[in-house]
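Presented below is the structure to which this report refers.
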Amino acid sequence: MSSEQIIGLLIVLFSAGGILYYTYLKPGEIRRRKLRKIPAVNRMIRAVSLSVEDGSRVHVSLGKGDLTETTNPSGSAGLDTLNWVAQLGASSDQPPVCTSGNGGLTLLSQDVLSASAGEPDARKPALSHEGLLAGVDPLSYALGTTAMMRDPGVHTNLLIGNYGPEAAFLTSTAENVDTIVIGTSDSITGQSVIIATTRDMLIGEELYAIPAYLTGQPAFLASLRVQDLLRLLIGAALTIGAVLGVLGIL
Amino acid sequence: MKIVNILIAVIAGVIVLLGYFIPSAGLQNIRKPLLDWAVILSGVAGLVAILNLVFGVHWQRIRENHRLKRYSVVVILAFAVTLAAGVWLDPSTQGFQRIVTAVQVPIESSLMAMLALTMVYASLKILQRHRNVMGFIFFISVIIYLVLNSGVLAGSMDIPILMNLLSAFHQVPVAGARGILLGIALGSLATGLRVLTGSDRPYNG
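Residue numbers (my numbering), protein chains in the order written: chain W, 1 to 250; chain L, 1001 to 1205.
What follows is the structure, given as structure tokens:
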């Protein structure tokens, strides 16, 4: 094993151990920790709640991440958000709708929606057909999604997943049809476009923090805690490395 | 049954992850077929989702006399023709590739041109959207880097102080991007491990 592989394995073991420790051994402690405010997430909660109350639709778009690629965690965060929206919206007049740009994500979104239909308050028995594949390449996906965003029943759009520059089509469509749009991406290009074209910013790792803020489940909060610890460690390592570099030791 | 599904997912995930770090031949022999199966499953999922799009959405629109049914007719016809041509000619042949490219390239080029215009228009409205300090800083940064990257200052690169200053300015976005990428990497790691440990299941199973 090379030194890089050993360090990588140690980080993975530390993170997995941390997540399990906080999830199963210290769930009370992790729940008591105060989360810093992310205005975009607060606005997301308000917008979805209002949509559920006034009977309009919430559209969740999961991006074009691939389950077999490194973009899949952003899709998982989107699916967790969809699960939260579906549970809130299952009792609404209009069930939520989900679009994605990958076959695997589409099937998973249908699975999440169909599971939410089984909730006690649900009025609609089958929601799985509300999980749609909008397109299979970035531009066709964006155009397919804009068609859904133009649906008169849709009032809130959540874009959570992997997007590139095509996100500009989605955000400008939401603005044209006067609906709320809150988005984030795991790509730098997608983030820049979304920040420039929407009112609310979700930067960097905030994408992965959304499920923790929405559901408050110990597993999500635990991973947030582990992320914070890792960030501190990496920050310390970078600072020490820079100081040693300046001193000529490294 | 659900616990069995979770166990299979977790064990398969752990084997694939360990195979990445531990160069053992035995582990690699198990890891490779698992990865191959994942790719095959992903392909099948794509096919199922496309069939769902064609028959579950567009065919349904035609049957229900939806206001957008004319577009659905075009989608189904294009799908049928492409599928038939692919089966008849073989997707790897030059003739098939030429036909697909001749349709796709002009459409995507037009869309990219539209995208450029959309982004220019959206950028012009940045200050309208972000009426705060961060929005102002973002706007000023955009202007500064547009000027720097336009090549207007290329002639003044001979002046040593200005050259160093410009070089430092060019490093700032790289540092920012690295910071964001570190955050994304940590978030991806934590999300992946959450799924791997079975704490989070983005599937009903």
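Note that CB positions come from ideal geometry on N, CA and C, so glycine has one too.
- Going by DSSP, W/S61 is part of the beta strand (DSSP E) stretching over 57-63.
- CA-CA distance, L/A1190 to W/T23, rounds to 13 Å.
- For L/R1194, the neighbours in chain W by C-beta distance under 7 Å run, in chain order, I19, A219, S223.
- Closest option to W/V181, judged by alpha-carbon separation, among W/T215, W/G164, W/T146, W/E206: W/T146.
- Contact annotation: W/T215 and W/D80 have beta-carbon atoms nearer than 9 Å.
- Taking 9 Å as the cut-off, the Cβ atoms of W/L139 and W/S61 do not count as close.
- For L/T1101, no CB of chain W lies under 9 Å from its own CB, so it is not counted at the interface with that chain.
- Identification of chain W residues near L/M1119 by a Cβ-Cβ cut-off of 8 Å yields P165, A168, V193, A196, T197, ordered along the chain.
- Listed by position along chain L, the residues whose Cβ is nearer than 8 Å to that of W/Y141 form an empty set, because the closest Cβ is around 11 Å away.
- Selection W/G164, W/S15, W/R36 evaluated against L/L1115 yields W/G164 as nearest (Cα-Cα).
- Distance from the CA of L/R1131 to the CA of L/V1120, rounded to the nearest whole angstrom, comes to 19 Å.
- The beta-carbon of W/P73 is placed less than 9 Å from the nearest beta-carbon of chain L.
- By the CB criterion at 9 Å, W/Q227 and W/A242 fall outside the cutoff.
- Taken through DSSP and simplified to helix, strand or coil, W/S185 comes out as strand.
- Each residue's CA atom was taken as its position, placing W/S187 and W/S76 some 15 Å apart.
- Take the alpha-carbon of W/R33 and the one of W/Y21: they are about 15 Å apart.
- W/G89 is not a Cβ neighbour of W/V154, given a cutoff of 9 Å.
- The C-alpha of W/S15 lies about 21 Å from the C-alpha of W/T239.
- Here DSSP, grouped into helix, strand and coil, assigns W/H155 to strand.
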